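Each residue of the sequence shown is one higher than the one before, counting from 4 in my numbering.
All residues carry an ideal CB built from backbone N, CA and C; glycine is no exception.
The structure presented is a predicted model; accordingly, all values stated were derived computationally and were not measured.
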Amino acid sequence: MRFNRREFLKFCVSSGAVLGLSATVIGRLEKALAAGGEGLPTVIWLNGANCTGCTVSLANRISGDPPADVVDLFLNTVHLAFHPNLMGAAGDLAVEQLREASLGPYILVADGGIPTAFGGYACMVWTEDGREVTALEAVRMLAPGASAVLSVGTCSSFGGIPAASPNPTAVLSLADAAGVPAIRIPGCPPHPDWIVWTVAQLLAGIVPRLDDFGRPAELYAEAVHKKCPRKGTPPAEKFGLDSGCLKELGCQGPKTRADCPVRLWNNATSWCVGADAICVGCTEKGFPGSFSPFYKTKG
Ligand code: FSX
Ligand code: SF4
Numbered sequence: 004m005r006f007n008r009r010e011f012l013k014f015c016v017s018s019g020a021v022l023g024l025s026a027t028v029i030g031r032l033e034k035a036l037a038a039g040g041e042g043l044p045t046v047i048w049l050n051g052a053n054c055t056g057c058t059v060s061l062a063n064r065i066s067g068d069p070p071a072d073v074v075d076l077f078l079n080t081v082h083l084a085f086h087p088n089l090m091g092a093a094g095d096l097a098v099e100q101l102r103e104a105s106l107g108p109y110i111l112v113a114d115g116g117i118p119t120a121f122g123g124y125a126c127m128v129w130t131e132d133g134r135e136v137t138a139l140e141a142v143r144m145l146a147p148g149a150s151a152v153l154s155v156g157t158c159s160s161f162g163g164i165p166a167a168s169p170n171p172t173a174v175l176s177l178a179d180a181a182g183v184p185a186i187r188i189p190g191c192p193p194h195p196d197w198i199v200w201t202v203a204q205l206l207a208g209i210v211p212r213l214d215d216f217g218r219p220a221e222l223y224a225e226a227v228h229k230k231c232p233r234k235g236t237p238p239a240e241k242f243g244l245d246s247g248c249l250k251e252l253g254c255q256g257p258k259t260r261a262d263c264p265v266r267l268w269n270n271a272t273s274w275c276v277g278a279d280a281i282c283v284g285c286t287e288k289g290f291p292g293s294f295s296p297f298y299k300t301k302g
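Here's what the structure looks like:
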């Protein structure tokens, strides 16, 4: 099934309550919908150093109502001009599409950290005129002209796993590598709803209020611990034997801001603590170094 931009807007409007979109955002999207969605920015999505989990997370969003999945949605609606994993075009054609998109209004999205050692040549994103273009060069070229810059995932937001000590490729966040401010949607991976919510705000012409770490404050409003159903229960001594609090087993929920216990994952099936694992702190700056070794009690 194919969807167009109009259907993405319809989807955002009809799923507004689930996604937590405000009445203002829904109102503006409705207006854009009435205008046929013309003039909305194109999305250029780059991959830095990553595991591709961010895109997999986004692709896992399934809805009971059409449009059924976000892959189709983003391919055919938000006018996703370039995405290394999702686009149909390849080679020169893909680069042509990117170049064309970069002439008009566009939102730059990047998942993955940006390696800066070796002149950036630890991560090449496309070839042009026989020359390898690095992620570093690409973000420095595209970020200044973007109407918004979006860091999807902890690697792009803060460096994340590829920047973990000893960080041999000198990975930086997108904002630090490109020298521009970015809206950060951390999580390793981030929840697909967080990505769609933020893109919907930008399409509605609204820059979401950000917290001190550049994350949309509404999405990262409180610690995972606060609404965890295990809060206040006796400490669990082992995994899988009871439903007690996992803090003594290394849970980082008290230090980690995200709405996982309420929103749940995999189309509202469960979440890390619900599946009897600890929260590892993946939405926080300093992950993984500041939270490891995992499964140990820290302070
Ligand atoms: Fe990082 Fe994303 Fe973790 Fe993986 O693109 S936030 S390693 S889920 O893939 O960048
Ligand atoms: Fe908090 Fe983790 Fe215990 Fe849940 S399991 S109450 S998030 S410390």
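*Is any heavy atom of the ligand SF4 found at a distance shorter than 7 Å from the C-beta of residue 260?*
To locate residue 260, count along the sequence shown from 1; it is residue 257. Result no, Cβ not under 7 Å from the ligand SF4.
_Let me check you understand the geometry: is the CB of residue 285 closer than 7 Å to at least one non-hydrogen atom of the ligand SF4?_
Residue 285 sits at position 282 when you count from the first residue of the sequence shown. Result no, Cβ not under 7 Å from the ligand SF4.
_For residue 44, the three-state DSSP class (helix, strand or coil)_ = For this step, residue 44 is matched to residue 41 along the sequence shown. Three-state DSSP puts residue 44 in coil, outside helix and strand.
*With distances taken from each beta carbon to the nearest heavy atom of the ligand SF4, which residues come in below 6 Å, in chain order?*
227, 228, 231, 233, 234, 248, 249, 250, 254, 256, 257, 276, 282
*Got a sec? Which residues, its chain only, sit under 6 Å from residue 152 by beta carbon, not counting five neighbours each side?*
Taking the sequence shown and counting its residues from 1, the one referred to as residue 152 is at position 149. Answer for residue 152: 111, 146, 183, 185, listed in chain order.
*Among 218, 295, 206, 249, which has the Cα closest to the Cα of residue 231?*
As a position in the sequence shown, residue 231 is number 228, starting the count at 1. Taking the Cα of residue 231 as reference, the smallest distance to any Cα among 218, 295, 206, 249 is reached at 249.
*asked:* For a test of the three-state rule: what should DSSP assign to residue 139, helix, strand or coil?
replied: The residue labelled residue 139 in the question sits at position 136 within the sequence shown. Three-state DSSP puts residue 139 in a helix.
*Return the chain-ordered ranges of every alpha helix (DSSP H) run that is complete within the stretch 77-133 and spans a minimum of 4 residues.*
94-104
*Three-state secondary structure assigned by DSSP to residue 61*: The sequence position of residue 61 within the sequence shown is 58, counting from 1. Correct three-state label for residue 61: helix.
*Is the distance from the Cβ of residue 46 to the Cβ of residue 204 below 8 Å?*
Within the sequence shown, residue 46 is the residue found at index 43, counting from 1. Within the sequence shown, residue 204 is the residue found at index 201, counting from 1. No, the Cβ-Cβ distance between residue 46 and residue 204 is not below 8 Å.
*If we cut at 8 Å on Cβ distances, does residue 102 have a partner in chain D?*
Of the protein chains in the structure, only one exists, and it is not chain D.
*Going straight from the alpha carbon of residue 259 to that of residue 228, what length do you get?*
Residue 259 sits at position 256 when you count from the first residue of the sequence shown. Residue 228 sits at position 225 when you count from the first residue of the sequence shown. Each residue's Cα considered, the two are about 8 Å apart.
*asked:* I'd like to check one pair, residue 160 with residue 118: are the Cβ atoms closer than 8 Å?
replied: As a first step, residue 118 must be located in the sequence shown, where it is residue number 115. As a first step, residue 160 must be located in the sequence shown, where it is residue number 157. Against a cut-off of 8 Å, the Cβ pair of residue 160 and residue 118 comes out as no contact.
*asked:* So, under 8 Å CB-CB, residue 283 and residue 255 are touching, yes? Tell me the CB distance rounded to an integer number of Å.
replied: As a working note, residue 283 is residue 280 in the sequence shown. As a working note, residue 255 is residue 252 in the sequence shown. The pair is a contact, with the Cβ atoms about 6 Å apart (cut-off 8 Å).
*Close-in-space but distant-in-sequence residues of the same chain around residue 30 (CB under 7 Å, 5 per side omitted)*: Counting from one through the sequence shown, the residue named residue 30 turns up at place 27. Excluding residues within five positions, none has a Cβ falling inside 7 Å.
*asked:* Quick check on DSSP: helix, strand or coil for residue 288?
replied: Here residue 288 is taken as the residue at index 285 of the sequence shown, counted from 1. Residue state, collapsed to three classes: coil.
*Sort 154, 149, 101, 109 by Cα distance to residue 136 and report the nearest one.*
Translated into positions along the sequence shown, residue 136 becomes position 133. When each option's Cα is compared against that of residue 136, the closest is 101.
*Looking at the unbroken beta strand (DSSP E) that takes in residue 153, where does it start and where does it end?*
The count along the sequence shown starts at 1 and reaches residue 153 at position 150. 151-155 is the extent of the beta strand (DSSP E) around residue 153.
*Can you give me the Cβ contacts of residue 198 inside the same chain, cut-off strictly under 7 Å, excluding the 5 residues immediately before and after it?*
Mapped onto the sequence shown, residue 198 falls at position 195. The answer, listed in chain order, is 61, 155, 188.
*What distance in whole Å lies between the Cβ atoms of residue 86 and residue 129, which are believed to be in contact at a cut-off of 8 Å?*
Here the question's residue 129 lines up with position 126 in the sequence shown. Here the question's residue 86 lines up with position 83 in the sequence shown. Going by Cβ atoms, the distance from residue 129 to residue 86 rounds to 12 Å, so no, they are not a contact pair.
_For residue 186, three-class secondary structure by DSSP_ = Counted from its first residue, the sequence shown places residue 186 at position 183. Of the three classes helix, strand and coil, the one that applies to residue 186 here is strand, per DSSP.
*Using the C-alpha atoms, what's the distance from residue 281 back to residue 139?*
In the sequence shown, residue 139 corresponds to position 136, counting from 1. In the sequence shown, residue 281 corresponds to position 278, counting from 1. Roughly 34 Å between the two C-alpha positions.
*asked:* If you reduce the DSSP assignment to three classes, tell me which class residue 222 lands in.
replied: For the purposes of this step, residue 222 is identified with residue 219 of the sequence shown, where counting begins at 1. Note: residue 222 maps to coil in three-state DSSP.
*Buried or exposed: which applies to residue 53, given that a residue is buried once 16 or more other Cβ atoms fall within 10 Å of its Cβ?*
For the purposes of this step, residue 53 is identified with residue 50 of the sequence shown, where counting begins at 1. It is buried - the Cβ of residue 53 has at least 16 other Cβ atoms within 10 Å.
*When we look at the beta-carbon of residue 171 and count the other beta-carbons within 10 Å, is it buried (16 or more) or exposed?*
In the sequence shown, the residue the question calls residue 171 occupies position 168. With fewer than 16 other Cβ atoms within 10 Å, it is exposed.
*Have a look at 124, 298, 50 and flag the residue whose alpha-carbon is nearest the alpha-carbon of residue 115.*
The sequence position of residue 115 within the sequence shown is 112, counting from 1. Of the residues 124, 298, 50, the one whose Cα lies closest to the Cα of residue 115 is 50.
*Could you please give me the residues that DSSP links to residue 268 through a beta bridge?*
For the purposes of this step, residue 268 is identified with residue 265 of the sequence shown, where counting begins at 1. Answer by DSSP bridge pairing, in chain order: 273.
*Cβ of residue 159 versus every heavy atom of the ligand FSX: is any distance shorter than 7 Å?*
By 1-based counting over the sequence shown, the position of residue 159 is 156. At least one heavy atom of the ligand FSX is nearer than 7 Å to the Cβ of residue 159, so yes.
*Could you tell me whether the Cβ atoms of residue 167 and residue 292 are closer together than 8 Å?*
Your numbering for residue 167 matches position 164 in the sequence shown. Your numbering for residue 292 matches position 289 in the sequence shown. It is a contact, given that the beta carbons lie within the stated cut-off.
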